[in-house]
Amino acid sequence: KFMERREFLKRSLSALIASSQPAVAQTNALTEETKPKKIYLTIDDGPGKYTRLILDNLRGNHAVFYIIGSCAISKSGISSAEEMILEGNILGNHSYSHAVFSRTSTDKIKWEIEKTDEIIEKIYKNIGIKRPVRLFRFPYGDDGNSCNKNQIKDFLNSLDYKIQFWDVDTLDWRYYSKNHQLSTESIMNLCSKAKEGNIVLVHERDFTANNIIPFYAQSGKYNLILPA
309 KFMERREFLK RSLSALIASS QPAVAQTNAL TEETKPKKIY LTIDDGPGKY
359 TRLILDNLRG NHAVFYIIGS CAISKSGISS AEEMILEGNI LGNHSYSHAV
409 FSRTSTDKIK WEIEKTDEII EKIYKNIGIK RPVRLFRFPY GDDGNSCNKN
459 QIKDFLNSLD YKIQFWDVDT LDWRYYSKNH QLSTESIMNL CSKAKEGNIV
509 LVHERDFTAN NIIPFYAQSG KYNLILPA
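Take the sequence shown: its position 30, counting from 1, is numbered 338 in my numbering, and each next residue is one higher.
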């Protein structure tokens with residue numbers, strides 16, 4: 309329909325020279341409206357039982373999977389993490405146990421980060437692929453308390469990590485919340501707010517795999533890109 313509309317406008321230009329400028333402006337506006345938005349899709353808390361479904365529904369599109377170290381030490385966890393990489397995605401560090409950093413000692417936090425870093429490094433080496441970038445996301449977005457914030461960030465910098473937060477929180481986890489449940493419509497409305505260049509946060513959940521991933525990967529409205 310868009311192409312038919314575009315051809316109609318082209319024909320109108322040749323017949324109605326006086327109205328050519330408004331027609332061109334309208335065509336340009338339509339082009340910008342329908343152009344897929346480039347976004348960074350980030351998927352937290354895997355690998356898990358929905359990893360394969362998420363990869364299938366990405367259909368060749370790519371994302372950053374922020375993995376929890378303790379989820380990637382079993383045979384199935386390692387296999388899932390390897391599949392993430394082999395299908396063009398990036399592994400990010402989401403700590404070893406998803407601890408609340410503001411209530412965790414600095415030494416324990418450093419161990420959580422370093423242990424997961426070692427796990428990720430080993431997974432990349434096992435399949436013979438060079439790790440492209442070191443990305444870290446704080447569990448719960450909690451970057452520590454007033455005493456250790458700077459120490460944690462300095463430690464991440466010493467390991468060449470880039471810290472990544474998010475622009476759009478889809479709140480997908482609230483689909484399962486007993487006290488603060490959100491409907492499918494509400495969550496998908498949040499998803500649709502993603503703008504050009506935004507970092508979008510989702511989690512490895514059944515709802516996400518079946519609803520949000522197809523929305524971003526298959527609707528034609530978004531172009532999923534990876535950080536350099």
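Each residue gets a CB set at the ideal place from its N, CA and C atoms; glycine is no exception. Predicted model, so just to flag it, every value in this text is computed and none were measured.
If we ignore side chains and look at the alpha-carbon of each, how far apart do E420 and L464 end up?
-> A straight-line Cα-Cα distance of about 11 angstroms links E420 and L464.
Just the C-alpha distance for V332 and P522, rounded to the nearest angstrom, thanks.
-> No answer about V332 holds up, because its pLDDT of 49 lies below 50 and its placement is not dependable.
Among A502, G356, S387, Y374, which has the Cα closest to the Cα of I431?
-> Comparing Cα-Cα distances from I431 to each of A502, G356, S387, Y374, the minimum goes to S387.
For the beta strand (DSSP E) holding D415, just list the boundary residues, first then last.
-> From DSSP, D415 is part of no beta strand (DSSP E) but of the alpha helix (DSSP H) over 414 to 434.
Opening and closing residue of the beta strand (DSSP E) in which Y530 lies = Segment 530 to 532, the beta strand (DSSP E) holding Y530.
CA-CA distance, T335 and Q526?
-> Residue confidence for T335 is low, a pLDDT of 49 falling below 50, so the modelled location carries little weight; the figure read from the coordinates is stated next. T335 and Q526: Cα-Cα distance of roughly 25 angstroms.
Distance CB(G356)-CB(F373) smaller than 7 angstroms = Cβ distance not < 7 angstroms, so G356 and F373 don't count as in contact.
Secondary structure of I495, DSSP reduced to three states = Helix at I495.
Buried or exposed (CB count within 10 angstroms, at least 16 for buried), R445 = Looking at its Cβ environment, which holds 16 or more other Cβ atoms inside 10 Å, R445 is buried.
To the nearest whole angstrom, what separates the beta carbons of L532 and I347, a pair I think is in contact under 8 angstroms?
-> The beta-carbon distance between L532 and I347, rounded to whole angstroms, is 6 angstroms. This is short enough to meet the 8 angstroms contact definition.
Run the CB neighbour count on Y530, radius 10 Å, all protein chains shown included, and call it buried at 16 or more, exposed below.
-> Burial state of Y530 is buried, judged by a 10 Å Cβ sphere holding 16 or more other Cβ atoms.
Just confirm the distance between the C-beta atoms of I351 and A380, as a whole number of angstroms; I'd bet it's less than 8 angstroms.
-> About 14 angstroms separates the beta carbons of I351 and A380, which is beyond the 8 angstroms limit, so they are not a contact pair.
If you count every other CB in all the chains shown that lies within 10 Å of the CB of A536, and 16 or more means buried, which is it?
-> The residue in question, A536, is exposed, as its Cβ has fewer than 16 Cβ neighbours within 10 Å.
I435: CB within 6 angstroms of a non-hydrogen atom of the ligand PLP | Ligands displayed in this structure: none; no statement on the ligand PLP is therefore possible.
Measuring alpha carbon to alpha carbon, tell me which of T478, L498, H488, I507 ends up nearest R513.
-> Check the Cα spacing between R513 and each of T478, L498, H488, I507: the tightest is with T478.
Roughly how many whole angstroms lie between the Cα atoms of M392 and N369?
-> Spanning the two alpha carbons is a distance of roughly 11 angstroms.
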